[in-house]
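Report on the structure given below.
Number of protein chains: 2
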Amino acid sequence: MVTIKDIARKAGVSISTVSCALNGSPKVTSKTAAKIHAVAKELNYVPNAAARSLKTRETKIIGIFLSDFSGAFYGDLLQGTKETLTKKGYDLVVCSGKKSHSMLPEGIIDGAIILDVSFDSEEIVRYADRGHKLVVLDREIAHSNINQVLLDNKAGATLAMEYLIEEGHRTIYAVTGPASSYDSKQRLRAVMQVAERTADVKLIVIEGDFEKTGGKLAAEQVMADLREESAAVFCFNDEMAIGIINYIAESYPDTRIGQQLHIIGFDNTELASYTHPRLTTINYSKRKWGELAAEQLIKLINGDTVDNERIYVTLLQGNSVRKAT
Amino acid sequence: MVTIKDIARKAGVSISTVSCALNGSPKVTSKTAAKIHAVAKELNYVPNAAARSLKTRETKIIGIFLSDFSGAFYGDLLQGTKETLTKKGYDLVVCSGKKSHSMLPEGIIDGAIILDVSFDSEEIVRYADRGHKLVVLDREIAHSNINQVLLDNKAGATLAMEYLIEEGHRTIYAVTGPASSYDSKQRLRAVMQVAERTADVKLIVIEGDFEKTGGKLAAEQVMADLREESAAVFCFNDEMAIGIINYIAESYPDTRIGQQLHIIGFDNTELASYTHPRLTTINYSKRKWGELAAEQLIKLINGDTVDNERIYVTLLQGNSVRKAT
DNA sequence: TTGTACGCGTTATCAT
DNA sequence: ATGATAACGCGTACAA
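Chains as they are written, first to last, in full-length UniProt numbering: chain L, 1 to 325; chain V, 1 to 325.
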């Protein structure tokens, strides 16, 4: 490894002069600076990150923690995060799994963005207490070192419910995520509020898991109930909605989505645009979510005061929900 | 930040005793060791990564470099890589973009796995020359510090072609990836070999881009050519195959995939299992690919001698290819 | 068994 | 304008 010491020796100056020159300090002749830069280039000098961050106490790297690498959902979010961080002079690394949590206290990353239910809130608070800066995307934590960038679940769930009711549906199934999911809880609360204030609506809640299998299980229950009237199902994410659509197509070829059975999802994932019929769902910009999370984190790190942020959602009409017959 | 100094003071011992105790050295009484561990826990001590790696010259972190975070394709591969590395005591971070390349020379990561055409081969060799260990998944580089874990493109492309020919197809379109893609070049070579040694086969090569739009463009050309006989299309990845299927469904509702037009892909992505009809494609274990890459890299780092590896592929029959009529 | 002292590569302070 | 020197936190050889 080539160090500034090597450069100093070869250039015939002291290491502090080298350091100053390399960091663009004005207190060094442009001539010697040029010489030093030339030598550095010649020796393929690359500053050692460990040594620097030992001194500066920062690495200019941000970590984003995900529950898994399945990615279909995260692509745009990561892209948005990365581009924003790059503009601010930071690098991004994607982390998953408990072992990688230590990157924060060990000082490998300067801050963290968390979208991972398996990351304990208590642990997060512990880090925040020690002065680490974090942005959470999947829970509420009030702490001066933590910022929240949350989906507007209430608006999304309300939009979905009101749309189903507008289209004349009165028997509505809500398929939730796992009980541990903050987003699922928020959506359920909004769903129940809408159901309570609307006459005639019969709401049946089915506990799901945000996976395709959860959709399939829910579909079995719904189909067992289904009589001559139609029913509508609000799946708290697209994955389960797709699970239902697949299951119906396989096992109930006579049941048409958008006729006897109406389905609305949440997230507008890429896969949702490939269902037949096209899934009606709640849409929001995953890229913007990532961008905003990055911005908020940098502000926190810079010591700026920041308010929690919210990602707004819209209804995306497909053909999986039509007027009730 | 709490350092071993703080622990030493609080426990009433010297810093070296602390260091030894924490690193499980046998030259410290189990009693004092216990005491030190207790104090460390009480103070929430976490060793500083920068300081440690400055000394040990390693971080126990591996980086995997991808061209983007789109993920739909990478999920299993990353999972396999991560699990294998975890077993070996390493962490994994996912990197993308030119800026993150510096993590290798700066010593932030102990080694790299590369699946990113935008990562220059020359740059890779430069790192290898300086002693860094790398595994490449998307190119051939002969270097003692670089190991290759490549797809068996030749077998895959040959399987695909022979299957089409077996099913009676004689007009075959091959839709390639971008010219810069190693995998695409390998597949094309195999395709041409099969075509040359088989009588009657008419091969038309269309340059694609591995994206859905490339599939659409190819479909336009194919449909313009299409007369009463049927044609088969070998897309060098699933993404383009899906692009074709979508385009045909929208613009040529009378043309049935698996009747007038036959399509085979490559990769067996998740999306491919949702097409109608189910896409016939070349399958391989992305998880195994990741696992093998991780294993090879660790061997390289440990100084073991390693041979290049190959990932084997199989034909996965769907319904998008049927007998020629 | 425990403590001292030095080195790792960089930055920053303070003389010269 | 330039250079000597002291941190930063950890590991370790060596001394006590």
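Beta carbons: idealized from backbone N, C-alpha and C, even for Gly. It should be emphasised that the depicted structure is a prediction, and the values quoted were computed from it without experimental measurement.
| Query | Result |
| --- | --- |
| Could you name the residues that DSSP lists as bridge partners for Val94 (chain V)? | L:Val94 and V:Ile64 |
| Kindly indicate which residue of L:Phe119, L:Asn153 and L:Ile124 has the alpha-carbon position closest to the one of Ala142 (chain L). | L:Ile124 |
| Thinking C-alpha only, which one of L:Ile109, L:Asn319, L:Met240 and L:Lys27 is nearest Phe65 (chain L)? | L:Ile109 |
| Chain V partners of Cys95 (chain L), CB-CB under 7 Å? | Val93 |
| Does DSSP put Tyr173 (chain L) in a helix, in a strand, or in coil? | strand |
| Please check the pair Arg187 (chain L) and Ala157 (chain L), which I expect to be a contact at CB under 8 Å, by giving their CB distance rounded to whole angstroms. | 4 Å |
| Along the chain, where does the beta strand (DSSP E) that runs through Lys27 (chain L) open and close? | No beta strand (DSSP E) contains Lys27 (chain L), which DSSP labels as neither H nor E. |
| So, are the CB atoms of Arg170 (chain L) and His262 (chain L) less than 8 Å apart? | no |
| I'd like to confirm the pairing. Which residues does DSSP put opposite residue 329 (chain L) in its beta bridges? | An answer regarding residue 329 (chain L) cannot be provided, because it is not within the stretch 1 to 325 covered by chain L. |
| Tell me whether Pro26 (chain L) is buried or exposed, calling it buried when 16 or more other Cβ atoms sit within 10 Å of its Cβ. | exposed |
| For the region 280-299 of chain L, which residues have a beta carbon sitting closer than 8 Å to at least one beta carbon of chain V? | none |
| Suppose only complete runs of 3+ residues qualify. What are the beta strand (DSSP E) ranges in the region 254-304 of chain L, listed by chain order? | 261-264 and 281-283 |
| Who are the neighbours of Glu106 (chain V) on chain L, taking C-beta pairs under 7 Å? | Val46, Pro47, Asn48 and Ala49 |
| Among residues of its own chain, excluding the 5 on either side of Gln79 (chain L), which ones have a beta-carbon nearer than 8 Å to its beta-carbon? | Arg287 and Gly290 |
| So, helix, strand or coil for Ile165 (chain L), using DSSP? | helix |
| Which two residues bound the contiguous alpha helix (DSSP H) that contains Leu78 (chain V)? | Gly75 to Lys87 |
| Output the distance between the C-alpha atoms of Arg130 (chain L) and Met1 (chain V), rounded to the nearest integer angstrom. | 8 Å |
| Under three-state DSSP, which class holds Lys35 (chain V)? | helix |
| Against chain L, with Cβ distances strictly below 8 Å, would Gln79 (chain V) count as a contact? | yes |
| For a contact meaning CB atoms closer than 8 Å, what does Thr271 (chain V) contact in chain L? | According to the sequence provided, residue 271 (chain V) is Leu. The question's Thr does not apply to it. Simply Glu270, Leu271 and Tyr274. |
| State buried or exposed for Ala199 (chain L), treating a residue as buried only when at least 16 other CB atoms are found within 10 Å of its CB. | exposed |
| What ranges does the alpha helix (DSSP H) occupy inside the region 190-244 of chain V, keeping only unbroken runs of at least 4 residues that lie completely in it? | 212-225 |
| Does Tyr163 (chain L) have its Cβ less than 8 Å from a Cβ in chain V? | no |
| Just the chain V side, please: which residues come within less than 8 Å of Ser251 (chain L) by C-beta, in chain order? | Within chain V, no residue comes near Ser251 (chain L); the closest Cβ sits about 16 Å away, beyond 8 Å. |
| When the cut-off is 8 Å and only beta carbons count, does Tyr247 (chain V) lie next to chain L? | no |
| Would you mind stating whether Gly243 (chain L) and Ser320 (chain L) have Cβ atoms separated by less than 8 Å? | no |
| Using the beta-carbon of each residue, which ones in chain L are nearer than 7 Å to Thr86 (chain V)? | Gly97 and Lys99 |
| Using a C-beta to C-beta distance shorter than 9 Å, which residues of chain L count as neighbours of Asp68 (chain V)? | Gly75, Leu78 and Gln79 |
| In or out: Gln296 (chain V) buried (at least 16 other Cβ within 10 Å) or exposed? | buried |
| Would you tell me roughly how many angstroms separate the C-alpha atoms of Ser273 (chain V) and Thr280 (chain V), rounded to the nearest one? | 9 Å |
| Taking Ile146 (chain L) as the reference, give the member of L:Asn308, L:Thr325 and L:Tyr163 with the closest Cα. | L:Asn308 |
| Taking the CB atoms as reference points, tell me whether Met161 (chain V) and Val136 (chain V) lie closer together than 8 Å. | no |
| Could you check the C-alpha separation between Asp209 (chain L) and Ala179 (chain L) for me, to the nearest Å? | 8 Å |
| In chain V, which residues lie with their C-beta within 8 Å of the C-beta of Lys82 (chain L)? | Phe69, Ser96 and Gly97 |
| Who are the Cβ neighbours of Lys10 (chain L) in its own chain at under 6 Å, not counting the five residues just before and after it? | Val39 |
| Can you check which of these residues, V:Leu292, V:Ala21, V:Glu167 and V:Glu250, is closest to Pro277 (chain L) by C-alpha distance? | V:Glu250 |
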